[in-house]
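Here's the structure, in structure tokens; my notes come after.
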Amino acid sequence: MLREFPVNLQRSGEPFIPPRTSSAPPASHYNQHYFDTDPLTLAVFTLLLGGWLAFALTCLLRAARLQKAHRPADSAETFESSSDGHQPNTHLMNSSASSNSNTCSEMDEVNVGKITLRPAEVLGHGTAGTFVFRGHFDGRHVAVKRILPECFEVAEREVQLLRESDTHPNVIRYFCTERDRLFTYIAIELCAATLQQYVEDPASFPGLNAVTLLEQTMFHRDLKPRNILISCPGPLGRVRALISDFGLCKKMLDGRCSFSMRSGIPGTEGWIAPEVLRDTPGSNPTAAVDVFSAGCVFYYVVSRGKHPFDDVIARDLIERMISVAPQSRPSTYCVLKHPFFWSPEKQLLFFQDVSDRIEKEPGEGSIVVRLEAAGRAVVRTNWRMHISVPLQTDLRKFRTYKGNSVRDLLRAMRNKKHHYHELPKEVQDTLGEVPEGFVSYFTSRFPRLLLHTHNALHICAHERQFHPYYLPPSAK
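With the first letter of the sequence shown counted as 1, position 87 gets the number 87 in the UniProt record's numbering; the numbers rise by one all the way through.
Printed below as a string of structure tokens:
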């Protein structure tokens, strides 16, 4: 083969491979000679190495910044763990946020497309992990809703309805939607307060008239005081009532006067019309459900913060006690055994005992069937959508839970109680102290859970572990 090598190929006087010397190892001599005699290669190598290091550092800094941007401020957890279970509404301009805005630097701002938000300034949050931050869009102050991927479809529907209602004076104004790889962001009008805040502290809103605000109320399937916002004064000083949170809203097609419930029960516990909760086959709710909710809102305003059906458990007891038929009224002993009088510790023990009892029960068994009957109203269609993001994340680490199952909700409560001290601090802070805060966290979100579970497990009243929770047969 070498004999056939071209004889006319230009030869170089220098050897291609330098001779080895005994003073240095071959590899070291080669590297030193190579770089000394080829400065261009050395420069290219240095540029590549420097570029790679710069790229790595940039990626690390960007990841840290994204993590900081997507972590809500501590104030969000303060809202979430409040003992009364109420969550402040979303698009509010409050004094604490205003003071924070003066101390935040530009590094605290996160830009997503045309929207700028301040993760440290949480205005409020809603269900399914939705947080609302103070932000800017096109030179104006706005509220920025940050929505999780599983709610993208709901977000798109809300945006579409807001666009179609843009000219209505009592619908919150929509500005822009942006997305990144983790969330959808919706920029909407920044308001002064919710109707709930106005009712609780009317002195802070001088000049406002409750009747005038109520006259402006329109309907959208989830009316409640926290979904009715009070705008900032306009150029002429006029304040408007604005409807917000159109995620559950449905547009009524021409010629139709009812809507289906294939997507689940619309509304919020305590403000939902009875016909929606009954879910009678072949009977679809109509726009009258909004009239019912609006009636509850009207009562809430004129009574200065009271609800016509304030407490599910208290209402159950009082209805029994004031029964028209004397023989239907419970005895004094029965009244005192009612769950209304249970302490948080007893409620938590009851939930744990029920979960332990039904853990191995077949799904078609009589106990589970009773527990899951009408359970959709108890878990509000999907209970996982109504708990905070830290708890959602922690639950997904260990097993799968069915969001439409009462049994799985009780199972999640039991498991988090048993492993409470092993939970991340963020989850502990969200749930609150055991038992008071822990029980309140769940019963405030699912007010029907205790009474429903107590009624369903009545068939186990004769079992020893349930004697503390039910009347003995002789007392009935």
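C-beta: ideal position from N, C-alpha, C; glycine also.
query                                                                                                                                                             : result
If you count every other CB in all the chains shown that lies within 10 Å of the CB of V199, and 16 or more means buried, which is it?                            : buried
Rounded to whole angstroms, what's the CA-CA distance from T381 to G403? Just pull it up for me.                                                                  : 8 Å
Near P390, which residues of its chain fall below 6 Å by C-beta distance, leaving aside the five closest residues on each side in sequence?                       : E426, V427 and T430
Taking its Cβ as the centre, do 16 or more other Cβ atoms sit within 10 Å of I272, making it buried, or is it exposed?                                            : buried
Taking the alpha carbon of R384 as the point to measure from, which residue in L395, A374 and G375 has its own alpha carbon closest?                              : L395
Suppose the cutoff is 6 Å on Cβ atoms and the five residues either side in sequence are ignored; what does the same chain contact list for N227 look like?        : S244 and D245
Whose CA, out of L423, P435 and A374, lies closest to the CA of L449?                                                                                             : A374
Return helix, strand or coil for L117, following the three-state DSSP convention.                                                                                 : strand
If you draw a straight line from the alpha carbon of D166 to that of Y470, how long is it in whole angstroms?                                                     : 55 Å
Where R315 and F350 are concerned, what is the direct C-alpha to C-alpha distance, given to the nearest angstrom?                                                 : 20 Å
Helix or strand or just coil, what does DSSP make of K417?                                                                                                        : helix
With three or more C-beta pairs closer than 8 Å as the rule, is the region 353-364 touching the region 330-341?                                                   : no
Compute the Euclidean distance between the alpha carbons of residue 486 and L409, then round it to the nearest angstrom.                                          : Coverage of the chain is limited to positions 1 through 476, which leaves residue 486 absent and any answer about it impossible.
Would the beta-carbon of S343 be found less than 7 Å away from any heavy atom of the ligand MN?                                                                   : Judged by which ligands are present, the structure shown has none, so any question about the ligand MN falls away.
Taking the straight line between their C-alpha atoms, what separation do you get for V289 and V379?                                                               : 20 Å
Just grab the DSSP bridge partners of V132 for me.                                                                                                                : G124 and K145
Once DSSP output is grouped into helix, strand and coil, what is the label at R399?                                                                               : coil
Which residue wins for smallest C-alpha separation from V144, given the options E153, Y185, N170 and G126?                                                        : Y185
If you follow the alpha helix (DSSP H) that C296 is part of, which residue opens it and which one closes it?                                                      : A288 to V302
Pull up the DSSP beta-bridge partners for I228, would you.                                                                                                        : I243
In chain order, what residues of the same chain have a beta carbon less than 7 Å from the beta carbon of F438, not counting five sequence neighbours either side? : L348, K417, L431 and G432
Between L457, R320 and E463, which has its C-alpha nearest V365's C-alpha?                                                                                        : Sequence check: residue 365 is Gly here, not Val. Nearest of L457, R320 and E463 to G365, Cα basis: L457.
Answer with buried or exposed for C296, where buried requires no fewer than 16 other C-beta atoms within 10 angstroms of its C-beta.                              : buried
Looking at C-alpha atoms only, which residue of F398, R134 and L148 is the closest neighbour of residue 495?                                                      : For residue 495 there is no data in the structure shown, the boundaries of the chain being 1 and 476.
Would a C-beta distance cut-off of 8 Å place R146 and F183 closer than the cut-off?                                                                               : yes
What would DSSP say about A187, mapped onto helix, strand or coil?                                                                                                : strand
For N111, list the residues DSSP reports as bridge partners.                                                                                                      : T116
What are the boundary residues of the beta strand (DSSP E) that includes E150?                                                                                    : Careful: E150 lies outside any beta strand (DSSP E) and carries neither H nor E.
With DSSP collapsed to three states, give me the class of R464.                                                                                                   : helix
Rounded to the nearest angstrom, what separates F233 and S323 at their Cα positions?                                                                              : For the sequence presented, residue 233 should be read as Pro rather than Phe. So the two alpha carbons sit approximately 49 Å from each other.
Can you list, in chain order, the residues of its chain whose CB lies under 6 Å from that of F466, leaving out five sequence neighbours each side?                : C460
Assign V110 to buried or exposed, taking buried as 16 or more other Cβ atoms, counted over all protein chains shown, within 10 Å of its Cβ.                       : buried
Buried or exposed, going by whether 16 or more other CB atoms sit within 10 Å of the CB of W52?                                                                   : exposed
What are the boundary residues of the alpha helix (DSSP H) that R179 is part of?                                                                                  : Where R179 is concerned, there is no enclosing alpha helix (DSSP H), although the beta strand (DSSP E) it sits in stretches over Y174 to R179.
Buried or exposed: which applies to Q54, given that a residue is buried once 16 or more other Cβ atoms fall within 10 Å of its Cβ?                                : In the sequence as displayed, the identity of residue 54 is Ala instead of Gln. With fewer than 16 other Cβ atoms within 10 Å, it is exposed.
Express the C-alpha separation of L229 and D201 in angstroms, rounding to a whole number.                                                                         : 14 Å
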